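Protein chains in written order, with this note's numbering: chain A, 1 to 230; chain B, 231 to 393.
Even for Gly, the Cβ is constructed at its ideal location relative to N, Cα and C.
Only a predicted model underlies this, so the values are computations on that prediction, with no experimental measurement involved.
Read the structure below first, then the notes.
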Amino acid sequence: MTESLAGGATALWLGILTAISPCPLATNIAAVSYIGRDVGRSGRVVVSGLAYTLGRSLAYVGIAMLVVASVLTIPGVSWFLQEQANRILGPLLIVIGVLILGWIRIPMSSFGIGEKLQKRAASGGALGAGFLGMLFALSFCPVSAGLFFGSLIPLSVSARSPVTLPALFGIGTGLPVLACAIAIAFGANVIGRAFDALTRIERWAKPVTGAVFILAGVYLVVGRFFGFSG
Amino acid sequence: MTLSQKSGLAVVLVALVLSGAAFAAGKEPAPVVPTPGTPSAGNATAADAASHVVEVYYFRTTNRCASCRKIEAFTDAAIKSAFAKEIQDGKMIWQVVNIQEPGNEHFIQEYKLVTKSVVVMDKVNGGQVRWKNLARIWELLSDETQFAQYVQREVREYLEGRS
């Protein structure tokens, strides 16, 4: 029992360490702006934050189960996700940012798919936040790879816990983001109401989120050129 | 923002997306730091002739993040401040190896590397008898003192032949 608690606490702490390290800073800022943009609807911010954290946990549990079942080798999957997922993340964030801002229309809109995708990206909601959580969790950087594959997976294997410990790790990676998003949304809500400017703040929340996604994407793409990210 | 301004900005962003996609298609980013002229691990050296040599490696990639540079600097300081004499006497070797250089890829499977890593190994009469990946370096990255104590303790155990 004590060992299980210690293992759970360690997994949670490793997740928090991952979230507060400078390496996933760009994606964390993007996640905070995405989750916290429903300034006027506090309940939606909390639900989006929980969905984002759940998405992260699901991604980590999925990888852990595949690795523990020996379907994938630990070094193989770790290097693949660090190299390939991060290569597409920057361009993808730019595209999502542009969709949020509504600057481009997806050409497939005549089938209704593009329009739905565009609306989903722009309106967000729990599903969008969950997808974002999974996407960001799979985009490993050196710190998250070191802590997840180097510390958490061996712990999961020795404790025979391919679900609980990775899930707690995922919760740990989502907690600081969730806390920041809630604090910013509630803060903006209070200030907005106090100065009777809530509608104006709400109107700005969407373009700010789009701009943050584009800036985060540009940072990741340029960072790969100059070697200061990843 | 006017329509033409939006269009101009969209063109710039499309160019960035495409350049990012070029990386996704397999183009490696240009090396930021020139590869040091250190010999690759496994090369015979004068120190190998000694009966017991401890080797410490920092396995890095061509692309180097801030945390990765920090680990290299912390490990370098920890090793050189505590084991300068052992290095001078040939009882210890400390090297940085780029695993993305041709011929070095085998280290990934050999030492089960999941990312940039510090590995300590024992060599007796030139043959490797044991090794350990110091996985906790990522947990201690925010505290240089604890980081140095951890690396020095692990390396000392190998130097003294303790398990």
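How big is the Cα-Cα spacing for residue i and residue j?
| i | j | result |
| --- | --- | --- |
| residue 346 of chain B | residue 378 of chain B | 17 Å |
| residue 30 of chain A | residue 187 of chain A | 18 Å |
| residue 46 of chain A | residue 325 of chain B | 48 Å |
| residue 332 of chain B | residue 308 of chain B | 29 Å |
| residue 87 of chain A | residue 391 of chain B | 43 Å |
| residue 304 of chain B | residue 312 of chain B | 12 Å |
| residue 66 of chain A | residue 148 of chain A | 14 Å |
| residue 349 of chain B | residue 19 of chain A | 25 Å |
| residue 52 of chain A | residue 180 of chain A | 13 Å |
| residue 176 of chain A | residue 16 of chain A | 7 Å |
| residue 174 of chain A | residue 323 of chain B | 41 Å |
| residue 211 of chain A | residue 38 of chain A | 16 Å |
| residue 213 of chain A | residue 342 of chain B | 35 Å |
| residue 320 of chain B | residue 77 of chain A | 37 Å |
| residue 278 of chain B | residue 351 of chain B | Residue placement at residue 278 of chain B is flagged as unreliable, the pLDDT there being 47, under the threshold of 50; the coordinate-derived value follows with that caveat. When rounded, the distance between both Cα atoms is 12 Å. |
| residue 190 of chain A | residue 161 of chain A | 42 Å |
| residue 383 of chain B | residue 340 of chain B | 23 Å |
| residue 132 of chain A | residue 95 of chain A | 13 Å |
| residue 385 of chain B | residue 310 of chain B | 12 Å |
| residue 204 of chain A | residue 73 of chain A | 46 Å |
| residue 272 of chain B | residue 104 of chain A | Because the pLDDT of residue 272 of chain B is 45, which lies under 50, any placement of that residue in the model is unreliable, and the number read from its coordinates should be weighed accordingly. Their Cα atoms are separated by approximately 55 Å. |
I'd like to check one pair, residue j with residue i: are the Cβ atoms closer than 8 Å?
| i | j | result |
| --- | --- | --- |
| residue 155 of chain A | residue 10 of chain A | yes |
| residue 327 of chain B | residue 334 of chain B | yes |
| residue 22 of chain A | residue 144 of chain A | no |
| residue 33 of chain A | residue 125 of chain A | no |
| residue 220 of chain A | residue 26 of chain A | yes |
| residue 291 of chain B | residue 317 of chain B | no |
| residue 261 of chain A | residue 40 of chain A | As displayed, chain A neither begins before 1 nor continues past 230, which places residue 261 of chain A out of reach and without an answer. |
| residue 354 of chain B | residue 281 of chain B | yes |
| residue 295 of chain B | residue 142 of chain A | yes |
| residue 364 of chain B | residue 284 of chain B | no |
| residue 55 of chain A | residue 8 of chain A | no |
What are the start and end residues of the beta strand (DSSP E) that includes residue i?
| i | result |
| --- | --- |
| residue 39 of chain A | Per DSSP, residue 39 of chain A belongs to no beta strand (DSSP E) and is neither H nor E. |
| residue 380 of chain B | Run containing residue 380 of chain B: none in the beta strand (DSSP E); it sits in the alpha helix (DSSP H), 374-389. |
| residue 315 of chain B | Looking at the DSSP string, residue 315 of chain B is not in any beta strand (DSSP E); the run it does join, the alpha helix (DSSP H), is 314-318. |
| residue 357 of chain B | 357-363 |
| residue 289 of chain B | 282-290 |
| residue 323 of chain B | 322-328 |
Quick one: give me the first and last residue of the alpha helix (DSSP H) that residue i is part of.
| i | result |
| --- | --- |
| residue 340 of chain B | 336-340 |
| residue 153 of chain A | 153-158 |
| residue 87 of chain A | 86-101 |
| residue 169 of chain A | 164-194 |
| residue 74 of chain A | 74-80 |
| residue 344 of chain B | It is not in any alpha helix (DSSP H) - residue 344 of chain B carries neither H nor E in the DSSP assignment. |
| residue 144 of chain A | 142-147 |
| residue 241 of chain A | Beyond the ends of chain A as shown, which are 1 and 230, falls residue 241 of chain A; an answer cannot be given. |
Check whether the Cβ of residue i sits closer than 7 Å to any heavy atom of the ligand FMN, and report yes or no.
| i | result |
| --- | --- |
| residue 192 of chain A | Although the ligand FMN was asked about, the structure shown includes no ligands whatsoever. |
Taking the alpha carbon of residue i as the point to measure from, which residue in the options has its own alpha carbon closest?
| i | options | result |
| --- | --- | --- |
| residue 102 of chain A | A/37, A/207 and A/225 | A/207 |
| residue 336 of chain B | B/289, B/294 and B/389 | B/289 |
| residue 59 of chain A | A/215, A/175 and A/171 | A/171 |
| residue 57 of chain A | A/16, A/20 and A/137 | A/137 |
| residue 146 of chain A | B/385, B/320, B/293 and B/369 | B/369 |
| residue 42 of chain A | A/200, A/183, A/211 and A/131 | A/183 |
| residue 28 of chain A | A/222, A/78, A/225 and A/215 | A/215 |
| residue 151 of chain A | A/13, A/97, A/50 and A/5 | A/13 |
| residue 5 of chain A | A/78, A/159 and A/95 | A/159 |
| residue 260 of chain A | A/134, A/127, A/139 and A/130 | The requested residue 260 of chain A does not occur in the structure, where chain A is confined to residues 1 to 230. |
| residue 36 of chain A | A/169, A/223, A/104 and A/128 | A/128 |
Note down, in chain order, every chain D residue with its Cβ under 8 Å from the Cβ of residue i.
| i | result |
| --- | --- |
| residue 342 of chain B | No chain D appears in the structure shown, which is made up of the protein chains A and B. |
Quiz item: Counting pairs of beta carbons, one from the stretch 295-302 of chain B and one from the stretch 367-385 of chain B, are three or more of them closer than 8 Å?
Solution: yes
Quiz item: Pairing CB atoms from the stretch 182-200 of chain A with CB atoms from the stretch 79-87 of chain A, are three or more of them under 8 Å?
Solution: no
Quiz item: Using 8 Å as the threshold, is the stretch 84-97 of chain A in touch with the stretch 152-171 of chain A, meaning 3 or more CB pairs across them?
Solution: no
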